[in-house]
Amino acid sequence: MGMALREDQILRYSRQILLREVGGRGQEALLAGRVRVDGIGAAGLTAAAYLAGGGTPVAGAGSLTLGPWAPGFLMSASDVGLPVTEALAREVPALNPDAEPVGQGGGLVAELPAAWSGDAPWVALGGDGVRAAVVFRSAEGCLWCFGETVRQLGSPPDGALGVAVGTLGALVFQRLRLGLGPSFGGRWLAAPGLVEDMAPPRCSRCASREDPAAP
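Below you can see the structure in the form of structure tokens.
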């Protein structure tokens with residue numbers, strides 16, 4: 001059973017609540033969820049900021065520290081040198097008190113390369129040296145297909161394309177949290193606003209499900 005939205009929350013998330021795919025029940029689900037973010041670049045920190053702004057509690061993951069590229073609309077120059085977990089623990093509640101993490105579990109959004117564990121949804125932020133990429137799986141998504149896809153990708157870009165792929169990754173995570181879309185897949189981002197479907201490798205079991213005529 002979902003938590004009832006307070007009046008201030010209805011005002012804060014009014015634009016999301018007005019979306020047919022979200023509504024009041026969906027916003028309650030975003031507030032009740034949790035996500036760990038493992039990333040110190042433009043992609044990971046942008047994803048953290050958008051998820052927190054949308055009401056999802058955000059906690060840091062990993063052991064890396066923030067470098068000189070981290071300052072943006074979530075981190076400031078004073079955060080450089082801090083572990084990402086400590087920096088997010090301080091900056092996320094300042095951005096949105098509703099996004100302060102409580103308890104354990106939750107999904108994972110991570111910049112590649114990354115170690116994948118814990119509850120899904122999982123959203124990987126990566127790239128191939130030219131394009132940025134988002135790869136995702138829900139709890140029902142195939143572990144082999146996800147692992148094989150992210151194995152072929154490198155780190156996500158910085159700059160405007162990194163911000164764009166972080167924004168897309170946050171949106172994908174929200175949709176998975178709301179039970180929308182496929183259980184596994186990927187998207188290429190050739191430029192900000194230019195999204196293309198990815199054709200990830202498929203294991204024989206998943207391929208046969210998609211094509212009943214396959215051997």
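Position 184, counted from 1, in the sequence shown is what full-length UniProt numbering calls 184; the numbers after and before it change by one each time, with no gaps.
For glycine and all other residues, C-beta sits at the position ideal for the given N, C-alpha and C.
Bear in mind the structure is a predicted one, so any value in this text is a computation, not a measurement.
The three-state secondary structure of L125, taken from DSSP, is strand. A133 sits close to A124, with the two beta carbons spaced by under 9 Å. G147 sits in a helix when the DSSP states are folded into three classes. Burial check for G107: the Cβ neighbour count within 10 Å reaches 16 or more, so the residue is buried.
Boundaries for L51: no beta strand (DSSP E) harbours it, while the alpha helix (DSSP H) harbouring it runs A42 to G53, taken from the DSSP string.
The criterion of a C-beta distance shorter than 9 Å is not satisfied by V102 and G186.
Taking 3 residues as the minimum length, the beta strand (DSSP E) runs contained wholly in the segment 89 to 124 are 107 to 111, in order along the chain.
A direct Cα-Cα distance of roughly 32 Å separates T46 from C206. Rounded to the nearest whole angstrom, the CA to CA distance from G54 to N96 is 9 Å.
In this structure V130 is exposed. Its beta-carbon is surrounded by fewer than 16 other beta-carbon atoms within 10 angstroms. It is roughly 15 Å from the alpha-carbon of P113 to the alpha-carbon of G169.
The secondary-structure analysis by DSSP pairs D158 with nothing; it has no beta-bridge partner.
Per DSSP, the unbroken beta strand (DSSP E) holding D197 starts and ends at L194 to D197.
Here W122 is buried, its C-beta having at least 16 other C-beta atoms within 10 Å. The beta carbon of V163 is closer than 6 Å to those of A42 and T46 in its chain, skipping five residues each way along the sequence. DSSP lists A132 and V195 as the beta-bridge partner residues of L189. By the neighbour-count definition (other C-beta atoms within 10 Å, threshold 16), A115 is an exposed residue.
Here G166 is near G44, since their CB atoms are less than 9 Å apart. Per the Cβ contact rule, the segment 28 to 40 is in contact with the segment 62 to 73 (3 or more Cβ pairs under 8 Å).
For the 9 Å CB-CB criterion, L31 and V109 do not form a contact. Per DSSP, the continuous alpha helix (DSSP H) segment holding G23 begins and ends at G23 to A32.
Sixteen is the threshold: when 16 or more other Cβ atoms of the shown chains lie within 10 Å of the Cβ of S138, as they do, the residue is buried.
Secondary structure at V172: helix, using DSSP grouped into helix, strand and coil.
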